[in-house]
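All remarks here apply to the structure that follows.
4 protein chains.
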Amino acid sequence: MNNLLKCELLRDAMQERGANMALKTSDEYLDRLKRMKPNVYTNGKKIGRDHPILEKPINVLRLTFDLAQDPQYQDLMVMKSHLTGEPINRFTALNLSIEDLYKQQEMKRKLCHKVGGCIQRCMATDTLNAIGVTTKEIDDAKGTEYHTRFIEFLKYYQSNDLVGSTSQTDAKGDRKARPSQQKDPDLYLRIVKKNREGIVVRGAKIHITMGPYVDEHLIIPTRGLTEKEGDWAVSFAVPADADNIKVISRVTSPRPRINLKAPYNNYGVAESFLIFDNVFVPWERVFMCGEWEFAGPMAITFAGFHRHSYCGCKPALTDIIMGAAALVAEYSGVGNAPHIQDELTELAIIGELVYASGIAAAARAEKTASGIYKPKFLYSNTGRYLAGINVYHEYEILTSIAGGLPSTLPPEEDWLNPDLSHYLEKYIRRNPEVSSEKVHRLFRFISDFTCSASCGWAQYAGIHGGGSPVMEKIGIRSTYDFGSKKEIVKYLAGIKD
Amino acid sequence: MNNLLKCELLRDAMQERGANMALKTSDEYLDRLKRMKPNVYTNGKKIGRDHPILEKPINVLRLTFDLAQDPQYQDLMVMKSHLTGEPINRFTALNLSIEDLYKQQEMKRKLCHKVGGCIQRCMATDTLNAIGVTTKEIDDAKGTEYHTRFIEFLKYYQSNDLVGSTSQTDAKGDRKARPSQQKDPDLYLRIVKKNREGIVVRGAKIHITMGPYVDEHLIIPTRGLTEKEGDWAVSFAVPADADNIKVISRVTSPRPRINLKAPYNNYGVAESFLIFDNVFVPWERVFMCGEWEFAGPMAITFAGFHRHSYCGCKPALTDIIMGAAALVAEYSGVGNAPHIQDELTELAIIGELVYASGIAAAARAEKTASGIYKPKFLYSNTGRYLAGINVYHEYEILTSIAGGLPSTLPPEEDWLNPDLSHYLEKYIRRNPEVSSEKVHRLFRFISDFTCSASCGWAQYAGIHGGGSPVMEKIGIRSTYDFGSKKEIVKYLAGIKD
Amino acid sequence: MNNLLKCELLRDAMQERGANMALKTSDEYLDRLKRMKPNVYTNGKKIGRDHPILEKPINVLRLTFDLAQDPQYQDLMVMKSHLTGEPINRFTALNLSIEDLYKQQEMKRKLCHKVGGCIQRCMATDTLNAIGVTTKEIDDAKGTEYHTRFIEFLKYYQSNDLVGSTSQTDAKGDRKARPSQQKDPDLYLRIVKKNREGIVVRGAKIHITMGPYVDEHLIIPTRGLTEKEGDWAVSFAVPADADNIKVISRVTSPRPRINLKAPYNNYGVAESFLIFDNVFVPWERVFMCGEWEFAGPMAITFAGFHRHSYCGCKPALTDIIMGAAALVAEYSGVGNAPHIQDELTELAIIGELVYASGIAAAARAEKTASGIYKPKFLYSNTGRYLAGINVYHEYEILTSIAGGLPSTLPPEEDWLNPDLSHYLEKYIRRNPEVSSEKVHRLFRFISDFTCSASCGWAQYAGIHGGGSPVMEKIGIRSTYDFGSKKEIVKYLAGIKD
Amino acid sequence: MNNLLKCELLRDAMQERGANMALKTSDEYLDRLKRMKPNVYTNGKKIGRDHPILEKPINVLRLTFDLAQDPQYQDLMVMKSHLTGEPINRFTALNLSIEDLYKQQEMKRKLCHKVGGCIQRCMATDTLNAIGVTTKEIDDAKGTEYHTRFIEFLKYYQSNDLVGSTSQTDAKGDRKARPSQQKDPDLYLRIVKKNREGIVVRGAKIHITMGPYVDEHLIIPTRGLTEKEGDWAVSFAVPADADNIKVISRVTSPRPRINLKAPYNNYGVAESFLIFDNVFVPWERVFMCGEWEFAGPMAITFAGFHRHSYCGCKPALTDIIMGAAALVAEYSGVGNAPHIQDELTELAIIGELVYASGIAAAARAEKTASGIYKPKFLYSNTGRYLAGINVYHEYEILTSIAGGLPSTLPPEEDWLNPDLSHYLEKYIRRNPEVSSEKVHRLFRFISDFTCSASCGWAQYAGIHGGGSPVMEKIGIRSTYDFGSKKEIVKYLAGIKD
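Right, here's the structure in full:
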């Protein structure tokens, strides 16, 4: 059965199922965004969610809907909801087996290839799984009903094919002080009121990817808390345009192209300061409220899932860097030079070791009380760590192989100037088998990808997204069994305690 | 059921089964060695296999028999032969599932902990698996009967719980010249005669671990060959004391102890030049004879299995280095210093990433025509590579944390001199909670482990055993799909071919 | 005598000396630029040299004039010309002693601090010194008069306090082919005609820093040549607006500020493709014409001087990265955290080792036949190499310490929006002792410095400017005395040839 | 004038000057050792200083006498004493100019080449210079007479061409506790009595190189002290066989050779625990006694000088490793392989950067109140640091290039066994142009140099000798001007305090 046929059958099936179909189209997603109350700000102005500056970032999310409709990606992206039995987008799913974890990792790698960077939507997937795991633990320990509430919310989320943010990082203020020690208690988001209908929260969540184009904000704690810090132990979901939320955003997109269109330049990202100035959340959307002992576990569980995601997406970035390096070497006629071969192999090793660590995390995953499989966090951490310490090194390799041209390439406009174009085409030529246009396209891509504000964003995301290498080290150190290693040495050395 | 009881039941079962029992004792292994014709040389003399200089190396192999009798290790070390149905030592088994590969890796890590280094016996396991895979491929392609022969040989090997060497590396002579281009054709081991009974071979295999204390030498090719190089395409098994074999050995064992006994010092290793001066091999023991196209594949298949083994054993070495570093820091009273915690975590990350790469290799293993599962060699290679490039760095960390004492510690004899002992005990004291004896034992262990000929051996083995990092890079580079990465970039950059 | 007084005395002295004064003001430099014939292109348009887009790059050069008038910098920046006896700007001087080389290095470090990056003008200094050394060598070997011509040109250059480019890198085309093997011979700039008045050249020089705002282009060869390649062996000086030159430029400047003015954002850089489409050069400005044996030496001599310059400027970059990292740690309240102290020290070590290598290059400098001291190129190379391999690593350290904020900081406009400013000020607060404005200013600087197109430019310049690390390795390898090292080992090992 | 003639003239000159000649012969040195009271222990026994086990270590010191008599080394090794006007061995000299520091560094590099490792005698040179600098500072601050005493002692030391140890490192006990906080106060050597004749000290100095074959022990403090710790603030010189000193030694020498003699195997080293059990020191040999404020400065000043020495000796080690790697590649026929060329160049860069840092330390040296020039310690530290972090990496490179043979090479005895020698010679052959004997000699050298207890000693010495990398980081961090770097950034960012 060819792909086209598959595609038609799918469409038929979708039409039959009509409005109940849980797989939404990217247009439906766009419509939802347009209908939201404006509370997004950037460059000093309040804007609607259909403002052109958001188009490129939104294109990334659109792709996650479009490919779910593409027969070639169905197996990877569509699965049956264990809650409703409907086909759902894997980005909205819980991981209920080792195989699910393998697929998550593979999906992320493949989709990042398509946008030349972060696919963004996995943030929510990992947050949902973390809330799923931890609410069950709270309920088991405390007799609460958070997990039931969460499952209800998840049905709604899956059925509507929603997009959520991960709103975790607080402003944090003085890094030496705990939440309860800050001069301004709002520097960590906190509960300021509770009543029969729900809770009211105040604070900010910062570095929030996708802020202006999610349906829902998913809030989870940023760190472990002490007994006195129950007010900061809060998790909930809130519509992105709820009252008293402000989304102050910085949009980063590749330089625009004039004639030289390229898929890479169609995508972008927005980061936000989310301001919560006394925001009301009804109880059915609250997943933790005061259970301070579980703030740390929920934070760590999210990190463990999200670092597993990195084991899928970071190899994709490495793939792109590797492909660009290989291609520029080929176009320059030095594809077989030993030191280039060596550096390409180094990239392959980095990418595949990160990916292998993700496979191992899945292969050694543990079924939690909630039924969700959590990857072995040790290997989530080692994979994310290795990725993190190599981010800048990978750019270094590409820069080194590409030569200086990406930083000195005259603007596209000069290529369109008939007084200049023949000179530029003449002098950019390298391997005589490769047209000037191809060389030009490749170097402009590398320039946009490595010598731009977009690159800066990617470098920061590569270090800090999901936790910087120092955080993985802490994650590993705090649970690793060093004691058993000492025992091995005592045995070998003949030391008896 | 306690372990002692389990142990007794096992012994009963063994006695019932009598002589047919395929799990042999270490004494039975020793007896076999004693009965062999003397052809081992070291320090200028021909010695018997019961010479004291071989005791420590042989202790390593004895352990692989003893632990198979120990209920605590049964699950890991004993399995049912798919050929005979009998319980066999896992070191003699083929890997017939992903689970088998997981177990192999785990067994190696645990056993290396017990001897403070290389467990050695896995060499043969990996060689048998490689011969198993490749003989089937030859037979399928050529209509030969190598695989059947091999299976018969394997039954014999399993039933007698034998120990084999991996005799792969040739002398190689001029590194710029291929086997057929060497001035002296024997610089790669080759077939010099064939007749109805079998073949006669000449050459040397060098760097052969366990040379003086194996039952069988398992010979496989060292590299890919060309059509004209059929004479060098040879694989076979031969009893270790067959006529015209000479085993010229270098034995490396830790410094002996006087009173301060320690398990680590009971083990050792021997490396050998194996000289084949017209050795006859009957056809039933020949597994490749002229099929030059399969020389490379057999060599690479062995490497792929053996590098997977490294993903088990090298983390064990890292565990020991980590344990020693953690313990010396504790005894010096600085176990919690941030830079020490950081370095210990770095060791944990190295060890666990190597292990994770092994898990991924197993999780992504492929069933071959022979029924044997071969690990995904990409991940065997990445794991072994990461281990290899960190060998010296790991010693550096331990040396750095241990301080200079392992290199300046007066000999044990001085501790036994009553004029000196009280001074030495007084001035070696560190953390007042830890006795001088413990500190002394620990530093003597670190001295023997890191500042000794044994350490030199381990450093070389860590770099070159199973193929040095540059070999893994070649292994990866030669099969990695760089083309698909270029396609990703062409897509993103809008380049159309 | 206070600085103000010194300054006045200097101005008086300058006025007395009138038009002959060789130290020009930055306004005089600007006037020269304005008077030039327009041949600069960027963003598709031909522009005058007073176009606003060039203002920030030109500010860098202006500073090199202004500080030469500042008593605090006089000792460093002003020296007596050995040709005219007049005080001249050190950027126009030959290095006639070890002390001169020390001063060059120090001047570059101090000036780069002022612009937050490359001071640019040293390009010409190093080119003039290289032409000075090599023309003397040609004359001595061939009986030509290049050196005399050059000295005459230099007098003119010094007396007018000119700014020159280094126009070295050719388009190079197919990297596997030599100049004479290219399909298009113009891919290396070449002599197409000679007559009694001078020569005519065609080709392009690319990656030319300062292209749109120099007085003169200084052309030198890019590589070693063979006997058949005399047409490519050419060096000369040409006014920047000479007929048939086109300067196609890419300008990179930090993001503009609205209210939050900062010196860093006042500076920028332009890179250019310089097109020579049959450009005439009179003989008195030609410094090499066909002497192919000296193309390599002139190229290498420039590299040797310029890599010595890098030993001054790259530590300045490290200083800035170090200062930013130290300050952000202080403002976040974690200035004394051990891992931060450790990384700051690592930066200090990198910067100071690079600087030390420059000092050693000067201390071991050699007086050439021209009288010019050339630094020991071995140490120019080792210093530049160490700088090059640490460029990305240094950014990694700063990114790691700064956290994600530089990539997520909302635009300055949002700070000016009264609906948002109090939120942003509230939530950016860290160490309570440090005002929000300071934190904001610091993070905006780090954002502009590390997460921007400017950063991309700096990363590329750090790798490739003056030759990438692989070029230094080649430079070192090709002259290093490995033979003597082998002899040491032969002696120790008792090997007799 | 040829060398032989020079040599004779020197001898004549020496004979003329008779007994007053301050340059002693190595036999005179040996005679002194023989005459000393036995207090050396090793392997459980008290031995005389003429015991054969000490021969190889003593050979190192002998060389420092012999080469001072060799015209080829005179310029480097002999200088005029500023105290007596006599020619003295540079190892006994103070550094009174930048040129002296350049020469010290060069001498160490050249002499280390001759012994294949540490030349040892520089320990005392650096200690004498440190005592010289600090005693002057104490006298200037306190009105004491330590410097005068020291100068008298130095005249004696120079006139007799003595050899001294650096006895600095205390036992140190609990690393968390200061000297005054140790349970046992002797864990740092201390003054237990003072009277009119002198002082009595108790404690141990450990890791003392040359313990059994020095004339004098030179004692200096190990660390900074507080006001209450005056008893530990002590510096003095004491004859090596003074009453109540015990020298408990560990001797490390290369494996002995039978027929295959090689200079490398003639040298060795001894490390010692020096026990001071109530040792009396007369006042004229006491250079600090209670001035706790100067304990830290004396320790740091020694470190600064000694790390400058490392900038001379460590490049020599790198030279040897580089030479061995280059030679083994040549003998194997792969000397021109790109990855080998690359690694050789990496070694060259490491060695030369360390050396360059030493040159810079000398070029920026400062004249102290004592007249002694002290190198700029920042650059002593950066050079020693770079050396330290590359020790293991350098061995890694050599091991990687050498292949496994150094760890599997059969013992020399097997080469002497006529049944085996022709096999071994046949199969060790590589490049057909190079004899088996040369290959054998080279691999045996590499085996002894890198796969032996000697190698272990060298690795530890490379990390810890003169202070491990972490100590240099502390040394740099504690004095580096980070504040000025912050000011640069405040300026650039527009931050006003």
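Chains A, B, C and D, in that order, give the protein sequences. This note's numbering numbers the first residue of the first sequence as -4 and each following residue consecutively. This note's numbering numbers the first residue of the second sequence as -4 and each following residue consecutively. This note's numbering numbers the first residue of the third sequence as -4 and each following residue consecutively. This note's numbering numbers the first residue of the fourth sequence as -4 and each following residue consecutively. Where a beta carbon is used, it is the ideal one built from N, C-alpha and C, also for glycine.
Kindly indicate which three-state DSSP category residue i falls into: helix, strand or coil?
i: B/L437; result: helix
i: A/Y368; result: strand
i: A/Q455; result: Here residue 455 of chain A turns out to be Tyr, not Gln, going by the sequence shown. Residue state, collapsed to three classes: helix.
i: B/A17; result: coil
i: B/P405; result: coil
i: D/R191; result: coil
i: B/Y475; result: coil
i: B/S447; result: coil
Beta-carbon of residue i versus every beta-carbon of chain A: anything under 9 Å?
i: C/N412; result: yes
i: B/K481; result: yes
i: C/A320; result: no
Using a beta-carbon distance below 9 Å, is residue i in contact with chain D?
i: B/L182; result: yes
i: C/E279; result: no
i: A/A14; result: Annotation note: pLDDT 45 at A/A14 (below 50); position unreliable, coordinate value reported separately. So, not an interface residue.
How would you label residue i, buried or exposed, when you count the other beta carbons within 10 angstroms and need 16 or more for buried?
i: C/N376; result: buried
i: D/E224; result: buried
i: D/I253; result: exposed
i: B/Y455; result: buried
i: B/I490; result: buried
i: D/M(-4); result: Note that D/M(-4) scores a pLDDT of 42, beneath 50, so its modelled location is shaky and nothing firm can be said.
i: D/T161; result: buried
For residue i, report the span of its beta strand (DSSP E) as first-last.
i: C/G253; result: First, the amino acid is wrong: residue 253 of chain C is Ile here, not Gly. Taken as a continuous stretch (DSSP letters only), C/I253 belongs to no beta strand (DSSP E), as it is neither H nor E.
i: D/S162; result: 159 to 162
Under 9 Å between C-beta atoms, does residue i make it to chain B?
i: A/E286; result: no
i: D/Y305; result: no
i: D/S395; result: yes
Practice problem: Note down, in chain order, all residues in the region 331 to 358 of chain C with a beta-carbon under 9 Å from any beta-carbon belonging to chain A. | Solution: So the close ones are A332, H334.
Self-check item: Interface positions of the region 38 to 64 of chain C facing chain A (Cβ-Cβ less than 7 Å), listed along the chain
Solution: N38, G39
Practice problem: Residues of the region 225 to 243 of chain D with a CB closer than 9 Å to any CB of chain B: list them in chain order, please. | Solution: K241, I243
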